[in-house]
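Engineer:
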Amino acid sequence: RKEVEQDPGPFNVPEGATVAFNCTYSNSASQSFFWYRQDCRKEPKLLMSVYSSGNEDGRFTAQLNRASQYISLLIRDSKLSDSATYLCAFSGGYQKVTFGTGTKLQVIP
Amino acid sequence: DAGVTQSPTHLIKTRGQHVTLRCSPISGHKSVSWYQQVLGQGPQFIFQYYEKEERGRGNFPDRFSARQFPNYSSELNVNALLLGDSALYLCASSLDGGLGEKLFFGSGTQLSVL
């Protein structure tokens with residue numbers, strides 16, 4: 001089983017739609033979880049950390065399900081500017097952060 | 110404040126050559142990590158350094174080496190380049206590399222091996 005699995009997409013959604021991505025991980029010792037956003041040919045930028053109780057930042061909501069070993073990202077009211085690749089990431093210790101392959105989102109006018 | 114800076118931004122090399130990539134972390138950050146990102150994949154962990162000591166190494170051959178200097182800047186060296194080394198090399202810094210700490214990435218060095 002791969003360390004991290006993400007649906008590569010692309011997810012093509014209309015403006016204003018709600019879209020959700022999941023990411024499964026195999027290392028049960030993982031302790032820290034993140035979502036990063038990466039624009040084409042740019043560096044990844046931290047979108048949000050993911051906490052056990054779930055957390056929200058504006059239109060973005062992240063959830064962690066330890067029992068099923070997955071994290072999710074929900075984007076409400078999609079904007080054109082949300083078009084990017086979304087990378088899930090986790091860390092079990094220090095800073096070996098393991099990234100998924102990314103899910104490409106394209107928001108269509 | 111300046112973010113993470115990497116140089117050069119682009120590099121073209123031929124097989125068998127070696128390359129040195131450079132990274133300056135955010136001021137005050139003592140931990141630097143290196144990642145390789147091949148097109149269509151997520152970043153893959155290569156090394157992490159903290160206070161000039163290697164703290165972690167990913168699954169990369171010995172042709173890859175790195176070091177961190179007293180000013181916390183870092184170099185990644187790759188010897189005997191292969192075509193498969195063509196990738197975006199990303200440097201990330203954080204305060205002290207602790208668990209759960211946020212990574213701040215530089216804009217990367219795009220390496221092409223011909």
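Sequence lines, in order, name chains A and B. Using our numbering, the first residue of the first sequence is number 1, and each one after it goes up by one. Using our numbering, the first residue of the second sequence is number 110, and each one after it goes up by one. Ideal Cβ positions, reconstructed from N, Cα and C, are used throughout, including at glycine. Nothing here was measured: the structure is a model prediction, and the numbers come from that model.
Looking only at C-alpha atoms, which of E160/B, K139/B and V187/B sits nearest to V222/B?
Structural biologist: Of E160/B, K139/B and V187/B, the residue nearest in Cα terms is V187/B.
Engineer: For K161/B and R41/A, I'd like the C-alpha separation in whole angstroms.
Structural biologist: One C-alpha to the other measures close to 30 Å.
Engineer: Apart from the five residues on each side of it in sequence, which residues of its chain come closer than 6 Å, Cβ to Cβ, to F99/A?
Structural biologist: Here the set comprises L87 and A89.
Engineer: If you measure between the beta carbons of A201/B and V113/B, is that distance less than 8 Å?
Structural biologist: Yes, Cβ-Cβ distance for A201/B and V113/B is below 8 Å.
Engineer: At a Cβ threshold of 8 Å, is L87/A touching chain B?
Structural biologist: With 8 Å as the cut-off, L87/A counts as an interface residue toward chain B.
Engineer: Which runs of the beta strand (DSSP E) spanning at least 3 residues fall entirely within the region 17–95 of chain A, listed in chain order?
Structural biologist: Here the runs fully enclosed are 19–25, 32–38, 44–50, 55–57, 60–65, 70–75 and 84–91.
Engineer: Which of the three DSSP states, helix, strand or coil, is assigned to L193/B?
Structural biologist: Residue 193/B is actually Gly in this sequence, not Leu. G193/B: helix per DSSP, three-state reduction.
Engineer: In chain order, what residues of the same chain lie with their CB nearer than 6 Å to the CB of S91/A, ignoring the 5 residues before and after it?
Structural biologist: Result list for S91/A: S32 and V97, in chain order.
Engineer: Could you tell me whether any Cβ in chain A is nearer than 8 Å to the Cβ of S116/B?
Structural biologist: Not one chain A Cβ lies under 8 Å of S116/B.
Engineer: Closer than 8 Å, CB to CB, is P179/B near chain A or not?
Structural biologist: No, because no Cβ of chain A sits closer than 8 Å to the Cβ of P179/B.
Engineer: Does any residue of chain A have a CB that is nearer than 8 Å to the CB of P152/B?
Structural biologist: It does: the Cβ of P152/B has a partner Cβ on chain A nearer than 8 Å.
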